[in-house]
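Numbering (the numbering used here), first residue to last: 434 to 796.
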């Protein structure tokens with residue numbers, strides 16, 4: 434059997450890296466005789482996370498434009514040119530059957546180079562509103578795997594495949610874990626549990642809102658499982674009864690299993706996980722992402738009655754009210770759970786891998 438050669442490019446955040454690794458693993462499960470090379474951006478977290486997962490990665494010198502006025506922006510055109518030259522060299526030497534882009538700085542130069550050299554290209558768009566890089570790359574792409582309906586406004590309809598986002602499916606397997614989850618985190622089985630997550634670095638506004646309302650939440654009989662992220666410091670001795678703060682929660686399956694209600698940012702991968710978890714959720718989109726992706730992701734759920742939205746600028750005042758409303762309305766919670774669960778798509782990595790293998794096999 435011919436060895437299948439695959440380049441997967443992108444990264445910058447865990448929201449791009451972990452799906453890319455999930456796709457790689459799925460391809461190798463379906464076709465073990467596959468060689469996979471990752472291409473990322475120098476200095477970004479993929480240069481650490483991808484080798485930890487057992488894959489080879491090459492970095493490009495690509496950088497993004499800084500939002501504030503800085504001399505670093507003068508280097509961007511030169512970095513792009515360097516990256517294009519290096520990307521072409523990588524493609525020529527590796528000779529892939531397909532190049533897959535998952536978003537992030539490196540995917541642009543790599544997929545453009547692959548397309549110029551006649552290699553089939555394949556996009557995985559995670560958001561409900563695509564970024565400019567994928568809009569440009571879509572013109573040459575053979576297939577585009579998406580997680581949301583309605584992206585034919587941005588991409589050629591005949592290229593789109595609705596697959597969902599490839600997620601860490603092990604963290605959404607919750608059946609039978611509630612009791613052990615409560616025990617693991619030292620939670621009271623007689624109280625409802627609020628899970629608060631804002632990513633591994635934390636979400637400043639969410640943390641400020643929880644910090645400001647922690648006494649009120651405790652007095653209302655709630656218990657809070659709060660992932661603060663490493664950038665937000667909490668004095669455990671000052672926390673009221675029932676508020677449990679963790680810098681980082683590794684056992685996310687247990688955290689989800691323990692939760693009756695979840696407060697979260699609205700990154701594409703977080704939302705894809707939450708749709709499989711099926712708990713009522715309050716989404717607070719980050720305003721600090723390109724093209725306001727998180728608000729658009731959140732509205733894709735809110736418009737279907739599957740989540741509650743609280744704006745970042747209003748979170749300190751409005752989040753406690755939204756939490757209280759949900760915790761005191763079992764019918765609304767049940768309705769949100771039912772609707773968000775109906776939007777979940779399990780097995781996305783395998784579906785994407787099958788499509789990629791089909792395209793690669795024809796090259």
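C-beta: ideal position from N, C-alpha, C; glycine also. Every value quoted in this text rests on a predicted model; they were computed, and no experiment measured them.
Note down the Cα distance separating residue 437 from residue 522, rounded to an integer number of angstroms.
Working through the chain shown from its first residue, we reach residue 437 at position 4. Working through the chain shown from its first residue, we reach residue 522 at position 89. One C-alpha to the other measures close to 19 Å.
Coil, strand or helix - residue 606 by DSSP
Counted from its first residue, the chain shown places residue 606 at position 173. Correct three-state label for residue 606: coil.
Taking the CB atoms as reference points, tell me whether residue 653 and residue 757 lie closer together than 9 Å.
If you number the chain shown from 1, residue 653 lands on position 220. If you number the chain shown from 1, residue 757 lands on position 324. Contact flag set, yes.
Considering only the beta carbon of each residue, do residue 781 and residue 600 sit closer than 9 Å?
Translated into positions along the chain shown, residue 781 becomes position 348. Translated into positions along the chain shown, residue 600 becomes position 167. In this structure, residue 600 lies closer than 9 Å to residue 781 by Cβ.
For residue 544, which of 518, 559 and 560 has the nearest alpha-carbon?
Taking the chain shown and counting its residues from 1, the one referred to as residue 544 is at position 111. Here the closest residue by C-alpha is 518.
For residue 588 and residue 571, what's the separation of their Cα atoms in angstroms?
The residue you call residue 588 lines up with position 155 of the chain shown. The residue you call residue 571 lines up with position 138 of the chain shown. Straight-line Cα distance between these residues: approximately 6 Å.
State buried or exposed for residue 642, treating a residue as buried only when at least 16 other CB atoms are found within 10 Å of its CB.
Start at 1 with the first residue of the chain shown, and residue 642 comes out as number 209. Per the 10 Å Cβ criterion, buried.
Measure the C-alpha to C-alpha separation of residue 476 and residue 511 and round it to an integer number of angstroms.
Working through the chain shown from its first residue, we reach residue 476 at position 43. Working through the chain shown from its first residue, we reach residue 511 at position 78. Approximately 17 Å between the Cα atoms of the pair.
Simplified DSSP assignment, three categories, for residue 583:
Start at 1 with the first residue of the chain shown, and residue 583 comes out as number 150. Of the three classes helix, strand and coil, the one that applies to residue 583 here is coil, per DSSP.
Please report the Cβ distance between residue 694 and residue 676, rounded to the nearest whole angstrom; I am assuming they are in contact, meaning their Cβ atoms lie under 8 Å.
Mapped onto the chain shown, residue 694 falls at position 261. Mapped onto the chain shown, residue 676 falls at position 243. 15 Å between Cβ atoms; not a contact.
Residue 492 versus residue 531: straight-line alpha-carbon distance, rounded:
For this step, residue 492 is matched to residue 59 along the chain shown. For this step, residue 531 is matched to residue 98 along the chain shown. The straight-line gap from Cα to Cα measures roughly 19 Å.
Where residue 438 sits in the DSSP three-state scheme:
As a position in the chain shown, residue 438 is number 5, starting the count at 1. Residue 438: strand per DSSP, three-state reduction.
Counting only runs of 3+ residues fully inside the segment 472 to 498, write out the beta strand (DSSP E) ranges in chain order.
489 to 493
Here's the rule: buried if 16 or more other CB atoms are within 10 angstroms of the residue's CB, otherwise exposed. What is residue 623?
As a first step, residue 623 is located in the chain shown; it is residue number 190 there, counting from the start. Residue 623 is exposed by the Cβ-count criterion.
Straight-line gap, residue 560 to residue 786 (C-alpha atoms, nearest Å)
As a working mapping, residue 560 is identified with position 127 in the chain shown. As a working mapping, residue 786 is identified with position 353 in the chain shown. Roughly 19 Å between the two C-alpha positions.
By the 10 Å Cβ neighbour count, where 16 or more other Cβ atoms means buried, how is residue 738 classified, buried or exposed?
Position 305 of the chain shown, counted from the first residue, corresponds to residue 738. Under this definition residue 738 is an exposed residue.
Using three-state DSSP, classify residue 677 as helix, strand or coil.
Here residue 677 is taken as the residue at index 244 of the chain shown, counted from 1. In the structure shown, residue 677 sits in a strand (DSSP, three-state: E or B).
Residue 614 versus 772, 682, 573 and 711, residue with shortest Cα-Cα distance
For this step, residue 614 is matched to residue 181 along the chain shown. Minimum Cα distance to residue 614 is reached at 682.
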